[in-house]
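Quick note on full-length UniProt numbering: the sequence shown kicks off at 2 and runs consecutively.
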Amino acid sequence: TDIFTIAIDGPAAAGKGTISKAIAARFGFAHLDTGLLYRAVGARVLAGVDPVEAAQTLQAHDLERGDLRSAEVAQAASKVAVIGEVRAALVDFQRAFARRAGGAVLDGRDIGTVICPNAEVKLYVTASAEVRAKRRFLELTGKGEVTSLAVVLADVAARDERDMNRAEAPLKPAADAVVIDTSELSIEQALQLALTEVSALK
Ligand code: C5P
């Protein structure tokens with residue numbers, strides 16, 4: 002059985018979700034959005050559960066809650082993500098997913114650096130904070146959330162700051178990651194670059 006792992010990291014709203022889904026579909030790989038794990042823990046914490054307890058007892062159904070994509074849950078996720086014991090509780094699940102037969106794409110913040118340091122392909126997808134905030138703003142308002150570009154930019158900046166400066170598994174490109182800056186690229190162009198990188202190694 003062929004184990005092939007693709008690690009896609011980067012800050013919020015840089016395009017890694019779109020790229021990960023497309024790569025997974027193209028190559029027939031399974032896809033895990035690891036941000037969803039932290040969001041599910043964050044949502045449980047907002048509901049009153051202790052963060053470490055929430056991570057250690059996370060269940061599949063916690064990943065199916067409807068509110069995981071909200072800005073409030075995103076902030077809660079990045080707050081629980083600084084806690085070492087929360088991160089530790091989620092490692093085994095992610096590594097097992099990465100090694101499943103038939104190939105896997107994992108996207109997050111620390112996949113290429115901590116979770117899957119031996120991934121066959123590592124991409125770091127980024128874009129300027131302004132471009133990312135604009136994309137997230139359109140996404141949130143498209144879903145009916147009432148917000149402003151300034152609020153979304155402040156949210157994105159706060160999460161970047163927390164994710165990049167935490168002691169455990171900070172967000173940064175792995176030394177051997179290919180960096181794709183999508184600031185000036187359309188989705189199609191970014192996707193094309195990513196597919197070219199994967200095809201070169203697959
Ligand atoms: O990717 P997404 O925006 O859904 O991630 C939500 C939060 O979860 C991030 O801001 C980050 O703090 C945390 N996260 C993490 N490590 C990952 C994935 C997400 O710390 N691998």
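Here a beta-carbon is modelled for each residue, glycine too, at the ideal position from N, C-alpha and C. Just so you know, these numbers come straight off a predicted model, no measurement behind them.
Any non-hydrogen atom of ligand 1 within 7 Å of residue i CB
| i | result |
| --- | --- |
| A168 | no |
| T142 | no |
| D111 | yes |
| G36 | yes |
| Y125 | no |
| A55 | no |
| A159 | no |
| R45 | no |
| D164 | yes |
| S21 | no |
| S79 | yes |
| A13 | yes |
| R96 | no |
| A82 | yes |
| A25 | no |
Selected residue, minimal CA-CA separation from residue i, among the options
| i | options | result |
| --- | --- | --- |
| P12 | S187, E198, T142 and I181 | I181 |
| A41 | A77, A15 and R163 | A77 |
| R137 | R160, V46 and A102 | R160 |
| C117 | A97, G103 and V50 | A97 |
| A195 | K123, R88, A130 and V157 | K123 |
| A90 | Q60, T114, Q190 and D68 | Q60 |
| G18 | L37, V46 and V50 | L37 |
| A72 | V87, P171, E198 and V157 | V157 |
| L33 | Q95, S200 and G143 | Q95 |
| G85 | A168, V179 and S200 | A168 |
| G104 | D177, E162, A25 and R110 | A25 |
| K22 | L192, E198, A201 and K203 | L192 |
Local conformation of residue i per DSSP, three classes
| i | result |
| --- | --- |
| V106 | strand |
| A8 | strand |
| T142 | helix |
| D182 | strand |
| T148 | coil |
| L202 | helix |
| V115 | helix |
Handout entry: Runs of beta strand (DSSP E) lying entirely within the UniProt domain "Cytidylate kinase" (7-58), each at least 3 residues, in chain order
Key = Counting only runs of 3 or more, we get 31-34.
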